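Structure first, commentary second.
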Amino acid sequence: MTLIEAWNKESRYFIEWIVTDMVKADDIDRAAEFVDLVRVLTRWLFKWDTIWSDATEKLSAAQQTENWLKRVLEISGREPESVSA
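Numbering of the sequence shown is given in this note's numbering, commencing with residue 344 and proceeding in unit increments.
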């Protein structure tokens with residue numbers, strides 16, 4: 344299992360875990376957003392080789408990742424941290 348596949352699997356488990364609590368708290372709309380994210384991650388899992396080998400697909404996945412990151416941070420009430428090497 345590659346690092347990306349492991350990250351994908353872990354992310355999907357985490358989201359499934361928090362969605363249950365969100366539904367119990369009657370936060371259905373945001374829970375549905377997370378379910379949509381799980382669907383994206385699952386699609387990526389099954390076509391990762393294609394995504395990784397195609398520059399256009401890779402760019403699209405990177406843009407989707409950035410958009411989802413912003414939305415997840417909005418939902419959590421956190422600000423993005425700067426990333427430096």
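Cβ coordinates follow ideal geometry from the N, Cα and C atoms, glycine included.
The model shown is predicted, which means the values in this text are computed figures rather than measured ones.
Coil, strand or helix - Thr408 by DSSP: helix
Within the stretch 368 to 392, ranges of the alpha helix (DSSP H) (whole runs, at least 4 residues): 371 to 389
Tell me whether Thr345 sits in a helix, a strand or coil according to DSSP, three-state version. coil
Using CA atoms only, rank isn't needed, just tell me which of Arg355, Glu400, Ile347 is closest to Glu376. Arg355
Measure the CB-CB distance between Val381 and Glu359 and report whether it falls below 8 Å. yes
Tell me the DSSP secondary structure of Asp364 in three-state form. helix
Exposed or buried, what is Gly420 when buried is set at 16 or more other beta-carbons lying within 10 Å of its beta-carbon? exposed
When the Cα atoms are used, what is the spatial distance from Gln406 to Thr399? 11 Å
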